[in-house]
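Peer 1:
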Amino acid sequence: AGAGPGGSNRMHRFQSVDAGVATDSRLLQGGARRTARLKRRATVETPQVEEGRTDDGQKTVNQYVIFEELGRGAFGKVKRCFNKTDRTMYAVKIMKKSLLKKKRIGRFGNALQNVQKEVAIWKRLDHPNVVRLVEVVDDPEADKLYLFGEFVAGGSIMPDTKEADPYDEPAARALFCQLIDGLSYLHFEKVVHRDIKPGNLLISNDRTLKIADFGVANTFEGDKDVFRNSVGTAAFMAPEMTTGEVFSGKAVDVWACGITLYMMLHGRPPFMAPTLPQIYDQIQNKPIDFPPIAGKPVSEGAQDLIRLLLTRDAEARPTVEALRTHPYLGGLGTVPMRALPDKPIDREAMSEGEVEMGITVIHTFKQIVSAKRASIHMVTGARARLAASIQQVAASQWFFGSLAAKAAAHEADPRHMLEAVKAHRKDMKVYADAEKALAGDTGAAKTEDEEAEGEAD
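Each position in the sequence shown, counted from 1, maps to that position plus 503 in the working numbering.
#1: Is the beta carbon of Met766 closer than 9 Å to that of Pro673?
#2: Can you round the beta-carbon distance between Arg556 and Thr563 to whole angstroms, since I take them to be within the 8 Å contact cut?
#3: Report the option in Ser751, Tyr649, Asp784 whose CA atom is closest to the CA atom of Ala720.
#4: Just to confirm the assignment, what range does the beta strand (DSSP E) spanning Arg575 have?
#5: According to the Cβ coordinates, are Val552 and Ala645 closer than 9 Å?
#6: Relative to the alpha-carbon of Gln561, which residue among Thr546, Lys582, Ile762 has its alpha-carbon at the smallest distance?
#7: Note down, in chain order, each residue of its chain lying with its Cβ closer than 7 Å to the Cβ of Leu813, except the 5 sequence neighbours on either side.
#8: What beta strand (DSSP E) runs, 3 residues minimum, are completely inside the segment 712 to 741?
#9: Taking the beta strand (DSSP E) that Phe679 belongs to, which residues open and close that run?
#10: Just to confirm, are Ile569 and Val547 a CB contact at a threshold of 9 Å?
#11: Rounded C-beta distance between Lys693 and Glu724? I'm assuming under 8 Å.
#12: If I'm right that Val639 touches Leu705 with Cβ under 8 Å, what's the distance once you round it to whole angstroms?
#13: Would you please state the rounded distance, in angstroms, between the beta carbons of Gly747 and Ser707? I believe it to be under 8 Å.
#14: So what's Gly652 in DSSP terms, helix, strand or just coil?
#15: Which two residues bound the contiguous alpha helix (DSSP H) that contains Tyr783?
#16: Determine contact between the segment 712 to 719 and the segment 778 to 786, defined as no fewer than three beta-carbon pairs at a distance below 8 Å.
#17: Counting along the chain, where does the alpha helix (DSSP H) carrying Arg590 start and finish?
#18: Answer with buried or exposed for Gly798, where buried requires no fewer than 16 other C-beta atoms within 10 angstroms of its C-beta.
#19: Quick check: the Cα distance between Ala754 and Phe651, rounded to an integer number of angstroms?
#20: So, helix, strand or coil for Ile699, using DSSP?
#21: State the Cα-Cα distance for the pair Val637 and Asn565, rounded to the nearest angstrom.
#22: Checking the sheet assignment: what are the DSSP bridge partners for Gly658?
#23: Using beta-carbon positions only, say whether Ile699 and Thr778 come within less than 9 Å of one another.
#24: Can you give me the C-alpha to C-alpha distance between Asp709 and Val655, rounded to a whole angstrom?
#25: Counting C-beta neighbours from all protein chains within 10 Å, is the total for Asp728 16 or more, i.e. buried, or is it exposed?
#26: How many whole angstroms separate the CB atoms of Val801 and Leu768, which I take to be in contact at a CB cut-off of 8 Å?
#27: Give me the Cβ distance between Phe578 and Ala614, rounded to the nearest whole Å; I'm assuming they're in contact under 8 Å.
#28: Among the candidates Phe739, Ala737, Thr745, whose CA atom is the shortest distance from the CA of Arg731?
#29: Using a threshold of 8 Å, is the CB atom of Glu644 nearer than that to any non-hydrogen atom of the ligand HEM?
#30: Return the first residue and the last residue of the alpha helix (DSSP H) that Ile791 is part of.
#31: Answer yes or no: do Met661 and Gly735 have a C-beta to C-beta separation smaller than 9 Å?
#32: Can you tell me whether Asp952 is buried or exposed, with buried defined as 16 or more other CB within 10 angstroms of its CB?
#33: Going by other Cβ atoms of all chains shown within 10 Å of its Cβ, with 16 needed for buried, is Glu803 buried or exposed?
#34: What are the start and end residues of the alpha helix (DSSP H) that includes Lys562?
#35: Taking Glu621 as part of the alpha helix (DSSP H), name the residues at either end of that continuous run.
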């Protein structure tokens, strides 16, 4: 499908999937229309995967027929697919768990944990301007993980890695109103996106904008939306993200909205340079200019809104809720804002356990055996690392200790590793945190293992 202004939404013709399912353009168009009016239902979690081929060689995953690639990222690819059961088009994100486990994120985590967090967040969300997660297929005996989500036929509103044709102002304003609607909902539900940009904003055939890609999103409790690690795309980063200090996740989302609106009107971001330090310098210091577009000036209302969004003082930057009443968005009345829910999703702050269960573990006998073997391998590897570098083990002990206690309470005692670390690094705060986590998790892990084995029996 074509992306952004001037793009063409092309529907390809396919041969039949099987004797009972035709995949010509009429079926595909009908499926695409159904994606715009999908009824909300809980995310399905499927612990088995059956891969195959149709008579004409098209790959299948359970009830889905997999078609062409829509995009590709660092950890996987996204393809279009057709569900033969409900006769609806979806998009599937396909990742290899073995590669995700190898990719380290920070000092302690890996990419698979990031995906688990993404799923745990994505499952909560229900808004017309947010792409919906439909099904998670995670077979413990298979390497591939499948996330089936809503298919948005128009692709991204425009590319964010190069200059593009701008939108006319009424169209940009209409789409931006929907972005503020969707982001208001996310912040209301205590979710910060942290990577708002045109490439993560999709547009359907009926011109509905949908926020996508929660790979670096995070949740917060109360008003404590404070983060330190800078993630996202450099040209969309707020000034406070370039200094290494803590920052508000909601405030950086608002800043990224300002860069996005500027791009929609001008076809390029306001801060462009060949090197990262130069981009950061522009973000912190360069005045914002508004050159005419095809000889027409940008309206005063749009300029005022963008300047507000790009307020360099994060504390003075407006909240997304306050933006809903800005005259440029709400005063003209042509794009009404949706009312927010009466109250957020009924939940407690996302815990470590909830993140781990973002992809629900289905206990089977084979899975238990696999977990036991993996845990023994993990403990053996941890001991080897201890002998090689006691400092490295101390830094990562909370991670390995917690996982080993949960997965291998009966085979190995990670407290032996903790005692070794304690003897050499008594003054490390990381150890104290790991000791507390181990004490709280060991009993729960034993109970979980016993329950899992009981279910398997």
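For glycine and all other residues, C-beta sits at the position ideal for the given N, C-alpha and C.
Peer 2: Result, derived from the coordinates:
#1: As a position in the sequence shown, residue 673 is number 170, starting the count at 1. As a position in the sequence shown, residue 766 is number 263, starting the count at 1. It is not a contact, given that the beta carbons lie outside the stated cut-off.
#2: As a first step, residue 556 is located in the sequence shown; it is residue number 53 there, counting from the start. As a first step, residue 563 is located in the sequence shown; it is residue number 60 there, counting from the start. Contact between Arg556 and Thr563 holds: CB atoms are separated by about 7 Å, below the 8 Å threshold.
#3: Taking the first residue of the sequence shown as position 1, residue 720 is located at position 217. Here the closest residue by C-alpha is Ser751.
#4: As a working note, residue 575 is residue 72 in the sequence shown. Looking at the DSSP string, the run of the beta strand (DSSP E) that includes Arg575 is 567 to 575.
#5: If you number the sequence shown from 1, residue 552 lands on position 49. If you number the sequence shown from 1, residue 645 lands on position 142. Yes. Within cutoff.
#6: Numbered from 1 along the sequence shown, position 58 holds the residue referred to as residue 561. A check of alpha carbon separations from Gln561 across Thr546, Lys582, Ile762 identifies Lys582 as the nearest.
#7: Along the sequence shown, one-based indexing puts residue 813 at 310. Annotation for Leu813: Trp758, Gly761, Ile791 place their beta carbon closer than 7 Å to its own, counting only its chain and skipping 5 residues before and after.
#8: Listed in chain order, the complete beta strand (DSSP E) runs (minimum 3 residues) inside the segment 712 to 741 are 712 to 714.
#9: Counting from 1 along the sequence shown, the entry for residue 679 is found at position 176. First-last for Phe679: 672 to 691, but that is the alpha helix (DSSP H), not the beta strand (DSSP E).
#10: Stepping through the sequence shown from its first residue, residue 569 is reached at position 66. Stepping through the sequence shown from its first residue, residue 547 is reached at position 44. Taking the C-beta atoms as reference points, Val547 is found no nearer than 9 Å to Ile569.
#11: Sequence index remark: in the sequence shown, residue 693 carries index 190 (1-based). Sequence index remark: in the sequence shown, residue 724 carries index 221 (1-based). Between Glu724 and Lys693 the Cβ distance is about 7 Å, and since that is below 8 Å, they are a contact.
#12: Counting from 1 along the sequence shown, the entry for residue 639 is found at position 136. Counting from 1 along the sequence shown, the entry for residue 705 is found at position 202. With 8 Å as the limit, Val639 and Leu705 do not qualify as a contact, their Cβ atoms being about 20 Å apart.
#13: Along the sequence shown, read from residue 1 onward, the residue named residue 747 stands at position 244. Along the sequence shown, read from residue 1 onward, the residue named residue 707 stands at position 204. Wrong, their Cβ atoms sit about 39 Å apart, outside the cutoff.
#14: Taking the sequence shown and counting its residues from 1, the one referred to as residue 652 is at position 149. DSSP places Gly652 within a strand segment (E or B) once states are collapsed to three.
#15: Mapped onto the sequence shown, residue 783 falls at position 280. Counting along the chain, Tyr783 sits inside the alpha helix (DSSP H) bounded by residues 779 to 788.
#16: Result no; under three Cβ-Cβ pairs closer than 8 Å.
#17: In the sequence shown, residue 590 corresponds to position 87, counting from 1. Unbroken run through Arg590: none, as it is neither H nor E.
#18: Translated into the one-based positions of the sequence shown, residue 798 becomes position 295. With fewer than 16 other Cβ atoms from the protein chains shown falling within 10 Å of its own Cβ, Gly798 counts as exposed.
#19: Within the sequence shown, the letter at position 251 stands for residue 754. Within the sequence shown, the letter at position 148 stands for residue 651. Looking at the backbone, the Cα of Ala754 and that of Phe651 are separated by about 30 Å.
#20: The residue given as residue 699 occupies position 196 in the sequence shown. In the displayed model, Ile699 falls within coil according to three-state DSSP, outside both helix and strand.
#21: Reading the sequence shown from its first residue, position 134 is the one you call residue 637. Reading the sequence shown from its first residue, position 62 is the one you call residue 565. Their backbone Cα atoms lie some 14 Å apart in a straight line.
#22: Here residue 658 refers to the residue found at position 155 when the sequence shown is read from its first residue. In the DSSP output, where bridge partners are listed per residue, Gly658 has none listed.
#23: Mapped onto the sequence shown, residue 699 falls at position 196. Mapped onto the sequence shown, residue 778 falls at position 275. In this structure, Thr778 does not lie closer than 9 Å to Ile699 by Cβ.
#24: Counted from its first residue, the sequence shown places residue 709 at position 206. Counted from its first residue, the sequence shown places residue 655 at position 152. Between Asp709 and Val655, the C-alpha separation is close to 10 Å.
#25: Working through the sequence shown from its first residue, we reach residue 728 at position 225. Counting Cβ neighbours within 10 Å, Asp728 comes out buried, since at least 16 surround it.
#26: Locating residue 801 in the sequence shown gives position 298, where the first residue counts as 1. Locating residue 768 in the sequence shown gives position 265, where the first residue counts as 1. Confirmed, Cβ separation roughly 6 Å.
#27: Residue mapping note: residue 578 aligns to position 75 of the sequence shown, counting from 1. Residue mapping note: residue 614 aligns to position 111 of the sequence shown, counting from 1. Phe578 to Ala614, Cβ: 5 Å. Contact.
#28: Counting from one through the sequence shown, the residue named residue 731 turns up at place 228. Distances from the CA of Arg731 to each of Phe739, Ala737, Thr745 were compared; the closest alpha carbon is that of Thr745.
#29: Inclusion of the ligand HEM in the displayed structure is not the case, the ligand content being empty and no account of it being possible.
#30: Residue numbering aside, residue 791 sits at position 288 when the sequence shown is read from its first letter. Run containing Ile791: none; DSSP gives neither H nor E here.
#31: As a first step, residue 661 is located in the sequence shown; it is residue number 158 there, counting from the start. As a first step, residue 735 is located in the sequence shown; it is residue number 232 there, counting from the start. Taking 9 Å as the Cβ cut-off, Met661 and Gly735 do not qualify as a contacting pair.
#32: Here residue 952 refers to the residue found at position 449 of the sequence shown. Note that Asp952 has pLDDT 45, beneath the 50 cutoff, so the model's placement of it is unreliable and no number is given.
#33: The count along the sequence shown starts at 1 and reaches residue 803 at position 300. That one is exposed.
#34: Taking the first residue of the sequence shown as 1, we reach residue 562 at position 59. Taken as a continuous stretch (DSSP letters only), Lys562 belongs to no alpha helix (DSSP H), being part of the beta strand (DSSP E) at 562 to 564.
#35: Residue 621 sits at position 118 when you count from the first residue of the sequence shown. Its alpha helix (DSSP H) spans residues 614 to 625.
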